[in-house]
Structure formats: C-alpha cells, structure tokens
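Data first, discussion second: the structure below is written as structure tokens.
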Amino acid sequence: MLLQRFRISTRILCASLIPMAAFALFAIFQIAELKAEADRYGATQALIGHERVLSGAIHTLQRERGYSFAHVGSQGRDMGNELATARAETDQALAGTADARAALRAFDAGSFGGLTEAMAVQLQKLSRMRSRIDALDLTASEAGGFYTAAIASILDTSREMAAHLGDPELAREFDAYLDAVTAKELAGQERGLAAGAIGASQFQDGGFQRFVELTGGQAVLMARFLSAIDGDAAEQARQAYGAGPSGELASMRRTLIMGGVSGLISGLDGRHWFNTASAWIEQLNKAALAAAQDIKAKAAIGEQRASVQLWYSASALAAATLVMAVFLVILVRSINRPLAGLSGILKGMAAGNLDADIPQASQSNELGDMARSVLELKEAIRLRAEGEAAEQARRAEDDARRSEEEAERIRRQAEDTRFAVRELGGALNRLADGDVTYRIENEFVDSLDELRENYNLSMDRLQETLASVQDGVRNIDAGVSEIRVASDDLAGRTEQQAASVEETAAAIEEITTAVKDAAARAAEAGRIAGKTTETAEKSGDVVRQAVASMGRIAASSKEIEQIISVIDDIAFQTNLLALNAGVEAARAGDAGSGFGVVAGEVRELAQRSAKAAKEIQALIQTSAGEVKDGVDLVNRTGDALAGIIGEVQQVNAHVAAIAAAAAQQSTSLGEVNIAISSIDHSTQNNAAMVEQTTAATHGLEKEAGTLSGLVGQFRVNAARRAPGTEAADLRRQAGERAVAA
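Residue numbers (the numbering used here): 95 to 835.
Right, here's the structure in full:
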C-alpha cells in the first residue's frame, strides 16, 4: 500500500492533519465572514461620511436656488447680497465633493462611476448659469430647474449608496433618511418657487400646481420617515422636527394658495417668506442629520462587534491549533522514542552486540510485544553464534594440515625453479656475450621443460634472423655505395645545368629590358604624334575660324558699300536741291541773295560728300579683293593642315601598332623570363636536393657500416649465411673503388 512507504510518525501526522485542516478551514470561513462583516460596517461608515458631504452640498445649493428664484423673480431688486454669500458657501461645499466622488468611484466604479460623472458634468454648468442669473437672461423657472437637476444628480448618487449597505436594518434606516432629504429638497423647491412668485406677484405657468404638490409631498415623506426610524434616532428626529411647519409658515402657505387661485399674490414679503421657509428647511435638515448620525453610530458599533468576534475567533483558532500541535508532538514522541530504542538495539545486535538490555519488554502494549520478540531473537542469535564458533575451530585444524602439505609442495617446486633459473641465466649470459649458438641441453621438470624448448627454438630463430640481417646489411652497404657514386655524379651535372639556366635567365632579362625600353619609346612617339595631331586639329579650327571671320568681314564690307551708295545718292539729291535753291534765290533777287549763298555752300558740301563716298567705295572694293585673297590663302592653309592631320594620324597608327607589338613582345619576354626564373628556381632546388641526397647517402653509408659492425658482434653458424652475400660484397668493393677513383 501507499502508506507503507512512510514512517509511522508521518502516518500519525497525516491522520491528525485531516481533522485539524477541517477545523482550520471552518475557523477560517468564520473569520473571513467576520472580517467581511467588519469591512461592510466600515464601508457603511465611509459611505455615510461621503453622504454627509454630499448632503452639505445639497443644502447650500438649495439656499442658492432659493435666493436665485427671488432675485430673478424680482428682476434683480431683491436678495442680491444674500445670493453672493450663498454662492460662496456653495463653492466651499462643492470643493469637498471632489474627494467624495473619487472615493465612491474607487469603492465601486461600476455603480458610482456614471453617477459621479453625471454629477460632475451638471456642476460644471453652474458658473455659466450664475452668469445668466446675474444678467437676468432667464426666467425664475429656468433657474430653479437647473438647480433642481443638479441637486437630483447628487440625490441619485445618495440613493445608490443604499444598495451597498450590508446590514438590512441600516439599509432600511438609510432609505428613511433619504425620505427626509427628499422632503428637504421639496421644501427647498417650495421656498424658491414661492420666493419667485412673491417677487413677481404671481405664479408662472404651472407654478401654482407645482407649489401645492411640493407642500403635500413634504408631509407624506416626513410621515414615512418618522414611522421608519426608531430608537434614539427617532427621538432626536422628532425633537428636531417638532410639531411640523410653524403656524407662520402655514399662514404664508395659505396666502400663497389663495393668491394662486386668484392670480395675484399680495401682502407677503419675499425676504420674510424666505427666512421662514429656511427655518422650516433647517428643521428638516436636523432631522435628517440625526438619522444619518444614528446610522453611522450603529455601523461603528457593528464594526466593533465584528472586530471583537474576529479577534476572539482568531485567538481561539490559534490556541486550538497550538494545543493540537502540542498533543500531536507528545503522541508522536511517545511512539517514536520506544521504536527508536528498539531500532538501536537491533542495529547493535547486527553489529554483534548481544549484551544490550531491552527495557521495553516489560510493557504490556504492542511495543512490549515487539521488545519481547527482539529478546527472543537475541537468544537465537547467541545460540547460532556459539555453533558457528565450534565449526570455525574445526575448519581451522583442517586448514593447518592442508597448509603444511602445500608448503612441502611449494618447496619442491622452488628447487625445480631454481635449477631452471640457473640454466636460463647461463644461457642468457652466453647470449649477452653475442653467442647465439649455445643451447640448453639439460631437461627441466615437466612443468618447466617447455620453457627450455621455447628458449632453444627462440635462439634458432634469432640465429637465422641475425644471419639474414647480416646479409641484408651487406647488401644495403653495397647499394648505398652505388647510390652515393650516382648522387655525386648527378650533383655535378645539376650544378652545371643550374649555371647554364642562370646565364640564360640573365640574357632573357637584358632582352626584356631592351624590349620594354623600345615599347616605352614607341609609346612616347605615339603620344607625341597624337599631340601633333591634336595641335594640327586645333590649327585647322583656327583656320576655319579665320575663314569665317573673313566671310563676316566681306559681308560687312558689302553692307558698308551699300551704305556708301545710299550716302552718294543722298549727296546727289542734296546737290540737286542746292542747285534748285540757287535758281530760286537768283529769281528772288536781293531778297534771296543770302539764301543763294547758303545754297552754294550746301551744294559744295554735297559734292565733297559724294567725292568722299566714291573714295570710300573704291577703298572698300580694294579691301574686299584683299579679303577674298586672304580667304583663298586661309582655305589653302586649312587644306594643307587637313593633309598634315591625315598623315600624322597614319604615323600615329603605325607608332601605336609598333608600341602594341613591343608591349606584346615585352609581355611574352616577361612570361619567358618568369618561366626561366621558375626553371632556375627548380634547378636550384634540384641541386639542393641532390646535395641533400648525397649527404644523406654518405650518412646512410656510415650508418650501414655501424649496423654491420653491431651485427658482426654476434656469432652465428657459417652454414646459415644467406646466398648472394658474396655478390653484395663485390658490389660494395666496386663502389669503394669508384669513390677512390
């Protein structure tokens, strides 16, 4: 089962925790309920506090509404100073509603969020409405309607509070309180409506009917209020309420009703009505405040009672939990300690301690039964231990006898082993001296004779191997001598080839330098030819510009010639006019003598102008001929320059081809030079490798000689020498003679 895996103390704890958990859960539910009840009463006190703030704002708004009614109804003649004072009190009261609105939204945004927002929106219109009242820009009914709507928005918030009072009795009393507040609101409307009617000497449309409804509504609401409350609150409310409206107020109401019926209100003073109605409203306010104070006091008492019960319940839970925990610890220890003692005794018995006392054996419960079972187990273990001790003594005698026999057998084996070791030692000494022909002839005991045979077989194989190695060393020595001779010859030829390649590379380098220089000179010649072509082309442009300039000069000369012709015609006409003037002057006689002199001067000037014009025309014609000759010369110069440009371009093309060919040759020679350099590098590397090979061959020959000397230290049977050894000796001797030569 699952519980068998747990210790007994754990099982007891688990079994005890179930009722403890049930008890704790029940107590926690009780504590939570008491805590919720205390919180509800605390919330009720907070709501009543917020309601008193809102009620104060309603009271000041009601007063301001009444003064506004009277002020507007009298067309600004009455209640001006009182209205200003009431506005200041209203502003002070409304300033405190901001915190109340925020607290209500935090308490329950779903219930109070929209109501407080509507209240704030309505109150924001107050400033604009006051301006209209000061300007008399509205009727008394309109002014009263605004204040009534603002007060109604606050009352809606107050009515919502009733749904959040946890105690039904307190909720009932709060509803009664709201009846008193509503009655006070109706009284405030009555005060304002009547004040406006007194100022205007008549009720406005519907005002009279509304006045009657307000008067009757107050009586109904206050009757319901007084019947709903009880205890101290009822007594205080009745004292504040008194006998109801005063006789003076009742008389004024009758006068207003009579005036409303007749249509003309007279015999009433607005200020006196306002003060009398205000006293009545103050009675209603005191009654409502007494009820609110009683609700708050009852909520405080309920919160205190719930807090005390909460403290008692929590203390009882803590005490019960502590007692149960102490009892559980004592119970667990009363079981765990004897079990731990038995466990220690059993562990000691397992370790061989059978002398421990078992005090629990005298108990008459389950632990005593377990202790007596342990006592019986201890006796059984003691008897079994004594039997095992006797058996161990018998086994010890048998082991001693077998040990003596084994010692004799080991001694004989040691003698045989020493003999075998001496023989093997002598054989190994002969082997250390290089004698591989020695064999062990004396036989060993059967168990060690295989070792002698293996040694002799190993010596046979070693002798054959050494003989083969000696033959191989001689062959290697001869081959190395031949390789050395060939390497020396190859080193000489490689050195000669490296020198030839180096000379070839130097020659190719000089040719490459010469070709590069020729290519550079050809490129320079091409550049100069190109520059000459460019200069010739520029000269051609200058010639063409000169030809164009000559053309423009010729055109200008023709225009001047035309102008001179016009001047000549003008001089001719002037001469004719002067001649005609002279004829006319002669006809006039003495009267025209002066005019005749002037006509003669004009004729002379005209003749000189005609002569000068002809001379200029002749010069222009001569200049035109010179310009034409200059144009011909310039054209021939341009043709000559064009021919020069063509020839220079051909020369430039040939020079460019030469430069390209030289550059190609330079590139090819550069590649050849690179190839020769690569061959030279490879040849140098080959020479170095040949030198290294030669050095390695000499070193190998030396090592082969050393190896031959080492192998020669071993004595082997001459009959086992491998065939071909004589040929290797001959090759080696031939190599030595070649080196000497």
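Virtual Cβ for every residue (Gly too), placed ideally from N, Cα, C. None of the values given here were measured: they were computed from a predicted structure.
Secondary structure of Asp583, DSSP reduced to three states: In the sequence shown, residue 583 corresponds to position 489, counting from 1. Reduced to three states, the DSSP call for Asp583 is helix.
Take Arg699 as the anchor and find which of Asp733, Ile664, Lys380 has the nearest alpha-carbon. Within the sequence shown, the letter at position 605 stands for residue 699. A quick correction: the sequence has Leu, not Arg, at residue 699. The shortest Cα separation from Leu699 among Asp733, Ile664, Lys380 belongs to Ile664.
Apply the 10 Å Cβ neighbour rule to Ser221 and answer buried if 16 or more other Cβ atoms are within range, or exposed otherwise. Counting from one through the sequence shown, the residue named residue 221 turns up at place 127. Ser221 comes out exposed.
Length at least 3, wholly inside the segment 453-521: the beta strand (DSSP E) runs in chain order: none
Here's a check: name, in chain order, each residue in its chain whose Cβ is nearer than 7 Å to the Cβ of Ile227, leaving out the five neighbours to either side. Within the sequence shown, numbered from 1, the residue matching residue 227 stands at position 133. Result list for Ile227: Ser162, His165, Val166, Ala237, in chain order.
Secondary structure at Asp172, three-state DSSP: helix, strand or coil? Taking the first residue of the sequence shown as 1, we reach residue 172 at position 78. Of the three classes helix, strand and coil, the one that applies to Asp172 here is coil, per DSSP.
Would you kindly work out how many angstroms separate the C-alpha atoms of Arg478 and Leu471, rounded to a whole number? Within the sequence shown, the letter at position 384 stands for residue 478. Within the sequence shown, the letter at position 377 stands for residue 471. Cα-Cα distance, rounded: 11 Å.
For Ala274 and Ala265, which I take to be in contact (beta-carbon distance under 8 Å), what is that distance rounded to the nearest angstrom? One-based indexing of the sequence shown puts residue 274 at position 180. One-based indexing of the sequence shown puts residue 265 at position 171. No, Ala274 and Ala265 are not in contact; Cβ-Cβ is about 15 Å, not under 8 Å.
Run the CB neighbour count on Arg506, radius 10 Å, all protein chains shown included, and call it buried at 16 or more, exposed below. For the purposes of this step, residue 506 is taken as residue 412 along the sequence shown, with counting starting at 1. That one is exposed.
CB-CB under 7 Å to Val417, same chain, minus the five flanking residues each way: which ones, in chain order? Here residue 417 refers to the residue found at position 323 of the sequence shown. Taken in chain order, the list of residues that qualify is empty.
How many angstroms separate the CA atom of Ala816 from the CA atom of Gly520? As a working mapping, residue 816 is identified with position 722 in the sequence shown. As a working mapping, residue 520 is identified with position 426 in the sequence shown. With a pLDDT of 48 at Ala816, under the threshold of 50, the modelled position of this residue cannot be trusted; read the value that follows with caution. Approximately 29 Å, taken between the alpha carbons.
Proximity below 8 Å, CB of Gln156 to CB of Ile245: One-based indexing of the sequence shown puts residue 156 at position 62. One-based indexing of the sequence shown puts residue 245 at position 151. Cβ distance < 8 Å, so Gln156 and Ile245 count as in contact.
Between which two residues does the alpha helix (DSSP H) carrying Glu284 extend? Translated into the one-based positions of the sequence shown, residue 284 becomes position 190. 262-294 is the extent of the alpha helix (DSSP H) around Glu284.
Answer with buried or exposed for Arg697, where buried requires no fewer than 16 other C-beta atoms within 10 angstroms of its C-beta. To locate residue 697, count along the sequence shown from 1; it is residue 603. With 16 or more other Cβ atoms within 10 Å, it is buried.
Pop quiz: Thr606 and Asn767 are said to be a contact at Cβ under 8 Å. What is the actual Cβ separation, rounded to whole angstroms? On the sequence shown, residue 606 is found 512 positions in, with the first residue counted as 1. On the sequence shown, residue 767 is found 673 positions in, with the first residue counted as 1. About 5 Å; that satisfies the 8 Å criterion.
Measure the C-alpha to C-alpha separation of Asp543 and Ser552 and round it to an integer number of angstroms. Here residue 543 refers to the residue found at position 449 of the sequence shown. Here residue 552 refers to the residue found at position 458 of the sequence shown. Near 14 Å, if we compare the C-alpha coordinates of Ser552 and Asp543.
Among Ala789, Thr716, Ile658, Ala613, which one has its Cα closest to the Cα of Ala857? Lying before the first or after the last residue shown, residue 857 is absent from the chain, which here runs from 95 to 835.
Environment of Trp374 [buried if 16+ CB atoms lie within 10 Å]: Taking the first residue of the sequence shown as position 1, residue 374 is located at position 280. Trp374 is buried by the Cβ-count criterion.
Would Gly438 pass as an interface residue toward chain B - the criterion being a Cβ-Cβ separation below 8 Å? Reference to chain B is not applicable here, since this structure consists of a single protein chain.
Boundaries of the alpha helix (DSSP H) in which Glu320 is found, first to last residue: Position 226 of the sequence shown, counted from the first residue, corresponds to residue 320. A small correction: the amino acid at residue 320 is Leu; Glu does not occupy that position in the sequence shown. Element bounds for Leu320: 301-322.
When the distance is taken between beta carbons, is Gln711 closer than 8 Å to Glu655? Here residue 655 is taken as the residue at index 561 of the sequence shown, counted from 1. Here residue 711 is taken as the residue at index 617 of the sequence shown, counted from 1. The answer is yes: Cβ separation under 8 Å.
Measuring only the C-alpha atoms, how far is Leu794 from Val579? Residue mapping note: residue 794 aligns to position 700 of the sequence shown, counting from 1. Residue mapping note: residue 579 aligns to position 485 of the sequence shown, counting from 1. The straight-line gap from Cα to Cα measures roughly 13 Å.
May I ask whether a heavy atom of the ligand NAD can be found less than 7 Å away from the beta carbon of Ala419? No copy of the ligand NAD occurs in the structure displayed, which carries no ligand at all.
Using the Cβ count rule (16 or more neighbours within 10 Å means buried), how would you classify Ile112? Translated into positions along the sequence shown, residue 112 becomes position 18. Per the 10 Å Cβ criterion, exposed.
Coil, strand or helix - Thr233 by DSSP: For the purposes of this step, residue 233 is identified with residue 139 of the sequence shown, where counting begins at 1. Coil, per DSSP.
Between the beta-carbon of Arg533 and the beta-carbon of Asn550, is there less than 8 Å? Numbered from its first residue, the sequence shown carries residue 533 at position 439. Numbered from its first residue, the sequence shown carries residue 550 at position 456. Yes, they are a contact pair.
Tell me where the alpha helix (DSSP H) around Asp193 begins and ends. What you label residue 193 is simply residue 99 of the sequence shown in a count that begins at 1. 191-201 is the span of the alpha helix (DSSP H), which, as asked, contains Asp193.
Provide the residue span of the alpha helix (DSSP H) that contains Ile534, from first to last. Sequence index remark: in the sequence shown, residue 534 carries index 440 (1-based). From DSSP, Ile534 is part of no alpha helix (DSSP H); its letter is neither H nor E.
Taking the alpha-carbon positions, what's the Ser247 to Ala212 distance? In the sequence shown, counting from the first residue as 1, residue 247 sits at position 153. In the sequence shown, counting from the first residue as 1, residue 212 sits at position 118. Ser247 and Ala212: Cα-Cα distance of roughly 7 Å.
Leaving out five residues on either side along the sequence, give the residues of the same chain with a beta carbon under 6 Å from the beta carbon of Val833. Against the sequence shown, residue 833 aligns to sequence position 739. Interpretation of Val833 is limited by its pLDDT of 47, a score under 50 that renders its predicted location unreliable; the figure taken from the coordinates is listed afterwards. Excluding sequence neighbours, Val833 sits near nothing in its chain.
Close beta carbons around Thr276, own chain, < 6 Å, minus the five adjacent residues each side: Within the sequence shown, the letter at position 182 stands for residue 276. Hits under 6 Å: Leu315.
Give the secondary structure of Pro113 by DSSP, where H, G and I count as helix, E and B as strand, and everything else as coil. The residue labelled residue 113 in the question sits at position 19 within the sequence shown. Pro113: helix per DSSP, three-state reduction.
Quick check on Ile359: buried or exposed, where buried means 16 or more other Cβ atoms within 10 Å of its Cβ? For this step, residue 359 is matched to residue 265 along the sequence shown. Label assigned to Ile359: buried.
When you compare only the Cα positions, how much space is there between Leu362 and Gly300? Taking the first residue of the sequence shown as 1, we reach residue 362 at position 268. Taking the first residue of the sequence shown as 1, we reach residue 300 at position 206. Cα to Cα, the separation comes out at about 20 Å.
Do you know offhand how far Thr598's Cα is from Ile770's? Taking the first residue of the sequence shown as 1, we reach residue 598 at position 504. Taking the first residue of the sequence shown as 1, we reach residue 770 at position 676. Distance between the alpha carbons of Thr598 and Ile770: 8 Å.
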